[in-house]
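A.B. asks: Take this note's numbering: the final residue in the sequence shown is number 2156, and no numbers are missing along the way.
Where a beta carbon is used, it is the ideal one built from N, C-alpha and C, also for glycine.
The structure displayed is predicted, hence computed values, not measured ones.
Sending over a structure as structure tokens; questions will come in a sec.
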Amino acid sequence: MSLRLNRRVRLLSGAAVGAAAFVAVGAAQAQTATTGQQADQAPTEVGEIVVTGIRRSIEASISAKANNTSIVEVISAEDIGKLPDVSIAESLARLPGVTMQRLDGRSQQISIRGLGPDFTTALLNGRELVTTGDNRGVEFDQFPSELLGSVVVYKTPDAALLGQGLAGSVDLRTVRPLAYGRQAIAVNYRHEWNDIGALNSGTTDSGDRYTVSYIDQFMDGALGVALGYAHMSSPYQSERFNAWGYPTYSDGNLLTGGVKPYVMSSELERDGYMGVLEWRPNDRIHSTIDAFYSEFKNTQVLRGIEFPLAWGGSSGDCTVNVASPVCRPAPSLRPGYTVEDGLIVAGTWDNIKGVVRNDLNKRDSNITALGWNTEFVANDDWTLGLDLSYSKVERNDIILETNAGTGRNINGALDTLGFELTDDGVTRFNSRLDYADASLIRITSAQGWGSDVIPGGQVGYMNTPSIEDELKAARITANRTLHQSPFSSIDFGLNYTERNKSFVNDQYYIGVPGGGDLFVPSEYLLAPTDLGYLGISQVLSYDALGVVNSGLLSRVRNPNADVAAGNWEVTEKVSTAYIRANIDHELFGMPLTGNVGMQFVYTDQSSSGFSARQVGPGVAETIAVNGGAEYLEILPSSNFILEVGDDLFARFAISRTLARPRMDDMRASRNYSYNTSLAQSTDINRSPWGGGGGNPELRPYIADVADLSFEKYFANRRGYVSLAGFYKHLESYVYNRNQIFDFSGYPIGVISPTNPEPALRQGLVGAPDNGDGGWIKGLEFSVSAPFDLFHPALEGFGGVFSASATDSEVQPDPTQAPTTLPGLSETVVNGTLYYERYGFQARVSGRYRSDFLGEVAGFGNGRTLRSVAAETVVDAQIGYEFQSGPLEGLSILAQVNNLTDEPFKTFQNGDERQTIDYQSYGRTFAVGMNYRF
């Protein structure tokens, strides 16, 4: 075990203690004056004004933001079962300092203050959650927005906030029936469709969402129940272009290495269940049981064509680059092509052997989360608490690729392609072959890929990974009320969590039994897929999974070392003790609230897996491996809120935070190699051993953070304006580097004169390690205002606006140049204009984020970082609520997402002409109704 208590920790701890002492001095001076100034006044009764809809959501969010002792952003439901947007991530992306990355056209992952999903933790009712992804980043599509009452984004932590992230923490909160205080029954329904239609045969472009919610209280308000069910069947489409890359041609200009364009039709199906049982028999006992369960299915059908171009290569005996029975010549660019600013943008390719793709991605996952919390008021000064929780995810994927073409490898017709790059960086083609002709195009290995395992080449590939993630937690707490002190109370707590996540990496080559080609049987043929947006009229389409499951194709498990080393299991046992002193007093006559505290986090982490090496074509050697580490981190924190004027607050926070590494970075599994020819070398740089993989001894990311915020609330807290700044000093940052690894005990085969015992049992492996850090800093401005402040004629109108500017620099390896952080957009702007009066409701929202480095799926569905182009996404909604008469309680609405059909684009080398991905999603429309009994 290691104890990390460096100078900065001692300074932060000292600062917290010093600040507490300063509070005490100021409070002592103000104590006498405060006592004399309080006068008894009878409260004035006013009529209750019930606000619903957009304005209710905004006002509730503003109130929660103002009352929290941390710097937070809050989303509140417009009514039972109604968060402002159709997904949680879209709502989060409208908050100051929060951005969202679209994946396959949907809002799934967020970044807080420029730090990506790996640095953010998600909580459900204050408890840490498991995740459906391969790592820690939460995919928010798993959680129905209709079953949540609010979402709180913590930008600054306090000592009692467990599972805190380095960027922030997102706490998803279900409704509490006793606090809700009245009976409510609500049903919601929406029908949605996409305006570019169903792009693939056998798919749909429309779907439905419906929700039933029930809240009630019994036993004279001592028992509360909340139940909810939400169903979603949501289709989404995309037209996609993907380039392999841009190599340099013989004339020094860049050109396209290859392309893989296709259209995707997807359907996301989700059923979510929520239940809360709350019991408060008296003022001393309060117990709550909550449960959440979600079944999630996402099916993506992808069809298109892959054209190897400059990187295509030849096959066979091609002494002369001419098509023959023994040669498939390499693609050839005809003279007379067009060049613009060093990039070949138009011309004609000969000798093209296209690969028709019929692919399928399918994910089935479910998440279960259970929690029980009980508070007991022992006496006037002591309150005790117990919290138990359990959550689990099970996920199974099918990632299927199937290939078709004119013939196997050397055989089959070649194509001539004319091409032209559009202004968007998308390549349009014209071809002479009919790729939809079922008598020409057959399932085959058109390029001979995978011939080391499947003789003659594979006709497809199937990846079926599975994830299991389980987390158990127990927490005991105590609160001690203080008297005649600058601190109103002190919180103590002990928390223990045990998390286990495993990844099973099953992969298969797909071949035709006995070799040869397979013409698609008629029962699996579908209507051709139109690729007109790329200039390709149609391609052959068929039920890929049906053909694979029919037995007409064979599956051969991938025996290679990298697949075996892709299996891993990581276990974390984390014990946390904390103390937090809560401030509620006056400092030099000004109200001061907040807290100071400290967490002591002891971690015992371990991992098991396999080390594997390739000993021949299709033959790997594996050994079981494990590793781990133990360490203690001390995390001081403090939050101060000083009311310097009427509803004018200055907030200051300092803290030390951590983010645990990605779980695949912590894996013990690795690939390794052994070179017999270097067996007698004693130079570590020429060691016979080498490899790469994870690092189970990896420590967390660490940051010291300072925040300063000024907030002015006005119009009875119906509006506010805020200016905030933050600075995060990243003490450490995880990066990949070569490290010395001890290969003692690793097999090398039978010792012989030609295979002697090596002089070295150490070698260099590429693996994640803790390096130096850097910094991230930013400014955030936000304002929310009802427009009747400016003129009574504008009653019902209002707006919400925010902008943030963020910059960063990390240099984990001092020998390399500094880089920016993944997920960081330097400029983010959000705006919403709304109108709500007399039952009418309208809203238009837009969000802009500048270029950033995003995480996307790369080769083999692995993680790849790419530059993502700036984007502006606009959504709109209009509705009406019947406020009297027989239809009272009914509201209707119409929505449109991605109103301007904003594409998603990635590029390379800082040149947006070098497009890697270009995805157009179309607009999604929805109409629906909500009825509250």
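Would you call the segment 1392 to 1404 and the segment 1947 to 1960 in contact, with 3 or more CB pairs under 8 Å?
C.D. replies: Output reads no: the segment 1947 to 1960 does not touch the segment 1392 to 1404.
A.B. asks: CB Leu1478 to CB Asn1521, shorter than 8 Å?
C.D. replies: It is not a contact, given that the beta carbons lie outside the stated cut-off.
A.B. asks: By DSSP, does Ile1285 sit in helix, in strand, or in coil?
C.D. replies: Helix at Ile1285.
A.B. asks: Whole beta strand (DSSP E) runs in the segment 1671 to 1714 with 3 or more residues, listed along the chain?
C.D. replies: The qualifying runs are 1683 to 1686 and 1689 to 1704.
A.B. asks: Pick helix, strand or coil for Thr2147, following the three-state DSSP scheme.
C.D. replies: DSSP places Thr2147 in strand when its eight states are reduced to three.
A.B. asks: Which first and last residues belong to the alpha helix (DSSP H) in which Ala1312 is found?
C.D. replies: Run containing Ala1312: Ile1311 to Leu1315, per the alpha helix (DSSP H) assignment.
A.B. asks: Closest to Ala1847 by CA distance: which of Phe1811, Ser1878, Met1813 and Ala1784 is it?
C.D. replies: It is Ala1784 whose Cα lies nearest to the Cα of Ala1847.
A.B. asks: Starting from the C-beta of Thr1905, find all residues in its chain whose C-beta is less than 8 Å away, skip the five residues before and the five after it, and write them out in chain order.
C.D. replies: The answer, listed in chain order, is Ala1982 and Leu1983.
A.B. asks: Where do the N-terminal and C-terminal ends of the beta strand (DSSP E) with Gly1851 fall, by residue?
C.D. replies: Taken as a continuous stretch (DSSP letters only), the beta strand (DSSP E) holding Gly1851 covers Val1842 to Gly1868.
A.B. asks: Between the segment 1990 to 2001 and the segment 2024 to 2043, do three or more beta carbon pairs fall short of 8 Å?
C.D. replies: Short answer: they touch.
A.B. asks: Where do the N-terminal and C-terminal ends of the beta strand (DSSP E) with Gly1635 fall, by residue?
C.D. replies: That residue, Gly1635, is in no beta strand (DSSP E); it is neither H nor E in DSSP.
A.B. asks: Ordered along the chain, which non-local residues of its own chain (more than five positions away) have a Cβ less than 6 Å from that of Ile1567?
C.D. replies: Excluding residues within five positions, the ones whose Cβ falls inside 6 Å are Asn1476, Leu1478 and Tyr1560.
A.B. asks: Go ahead and pull the three-state DSSP assignment for Arg1278.
C.D. replies: Here Arg1278 sits in helix by DSSP.
A.B. asks: Determine, using beta-carbon pairs with one atom in the segment 1594 to 1606 and one in the segment 1541 to 1556, whether at least three such pairs fall under 8 Å.
C.D. replies: No, the segment 1594 to 1606 does not touch the segment 1541 to 1556.
A.B. asks: Comparing C-alpha positions only, which one of Arg1493, Val2079, Thr1471 and Gly1498 sits nearest to Val1562?
C.D. replies: Comparing Cα positions, the closest option is Thr1471.
A.B. asks: Please report the distance separating the alpha-carbon of Gly1328 from that of Asn1898.
C.D. replies: Going from the Cα of Gly1328 to the Cα of Asn1898 covers about 46 Å.
A.B. asks: Taking the straight line between their C-alpha atoms, what separation do you get for Asp2098 and Trp1416?
C.D. replies: Asp2098 and Trp1416: Cα-Cα distance of roughly 15 Å.
A.B. asks: According to DSSP, Tyr1943 sits in a beta bridge with which residue or residues?
C.D. replies: Paired residues: Tyr1936 and Ser2007.
A.B. asks: Counting only runs that start and end within the segment 1567 to 1627, where is the beta strand (DSSP E) found for 3 or more residues in a row?
C.D. replies: Those beta strand (DSSP E) runs which fall completely within the segment 1567 to 1627 and span 3+ residues are 1578 to 1600.
A.B. asks: Does the Cβ-Cβ distance between Gln1837 and Asn1781 come in under 8 Å?
C.D. replies: Against a cut-off of 8 Å, the Cβ pair of Asn1781 and Gln1837 comes out as no contact.
A.B. asks: I'd like the list of long-range same chain contacts for Met1497, defined as Cβ closer than 6 Å, with 5 residues on each side in sequence excluded.
C.D. replies: So the list reads Leu1370, Thr1397, Gly1451 and Phe1515, once near-sequence residues are dropped.
A.B. asks: Which residues share a DSSP beta bridge with Asn2120?
C.D. replies: Thr2147, per the DSSP bridge assignment.
A.B. asks: If you reduce the DSSP assignment to three classes, tell me which class Gly1769 lands in.
C.D. replies: It is helical.
A.B. asks: Three-state secondary structure (DSSP) at Gly1527?
C.D. replies: It is a strand residue.
A.B. asks: Please report the Cβ distance between Ser1310 and Ser1368, rounded to the nearest whole angstrom; I am assuming they are in contact, meaning their Cβ atoms lie under 8 Å.
C.D. replies: About 6 Å separates the two Cβ atoms, so the contact holds.
A.B. asks: Helix, strand or coil, according to DSSP, for Gly1339 in the structure here?
C.D. replies: Residue state, collapsed to three classes: coil.
A.B. asks: If you scan the segment 1752 to 1801 from start to end, which runs of the beta strand (DSSP E) of 3 or more residues do you find wholly inside it?
C.D. replies: Runs of the beta strand (DSSP E) inside the segment 1752 to 1801: 1759 to 1765 and 1777 to 1780.
A.B. asks: May I have the straight-line CA-CA distance separating Gly1577 from Tyr1684, to the nearest angstrom?
C.D. replies: In a straight line, the C-alpha of Gly1577 is about 17 Å away from that of Tyr1684.
A.B. asks: What's the call for Asp1992, buried or exposed, on a 16-neighbour Cβ count within 10 Å?
C.D. replies: Buried, since its Cβ has 16 or more Cβ neighbours within 10 Å.
A.B. asks: Under a three-way DSSP split, which group does Ala2026 fall into?
C.D. replies: Looking at Ala2026 - three-state DSSP - the assignment turns out to be strand.
A.B. asks: Here's the rule: buried if 16 or more other CB atoms are within 10 angstroms of the residue's CB, otherwise exposed. What is Asp2140?
C.D. replies: Buried, because 16 or more other Cβ atoms sit within 10 Å of the Cβ of Asp2140.
A.B. asks: For Gly1680, tell me which candidate among Thr1687, Ser1689, Asn1686 and Ala1669 has the shortest Cα-Cα distance.
C.D. replies: Looking at the Cα atoms, Ala1669 is the closest of the given residues.
A.B. asks: With respect to the beta strand (DSSP E) encompassing Leu1401, which residues constitute its N-terminal and C-terminal limits?
C.D. replies: Looking at the DSSP string, Leu1401 is not in any beta strand (DSSP E); the run it does join, the alpha helix (DSSP H), is Pro1400 to Tyr1403.
A.B. asks: Could you give the residue range of the beta strand (DSSP E) that holds Val1295?
C.D. replies: Where Val1295 is concerned, the enclosing beta strand (DSSP E) stretches over Val1295 to Ser1299.
A.B. asks: Do you know how far the Cα of Asn1619 is from the Cα of Thr2038?
C.D. replies: Thr2038 and Asn1619: Cα-Cα distance of roughly 41 Å.
A.B. asks: Check Phe1811 in the structure and name its three-state DSSP category.
C.D. replies: Coil, per DSSP.
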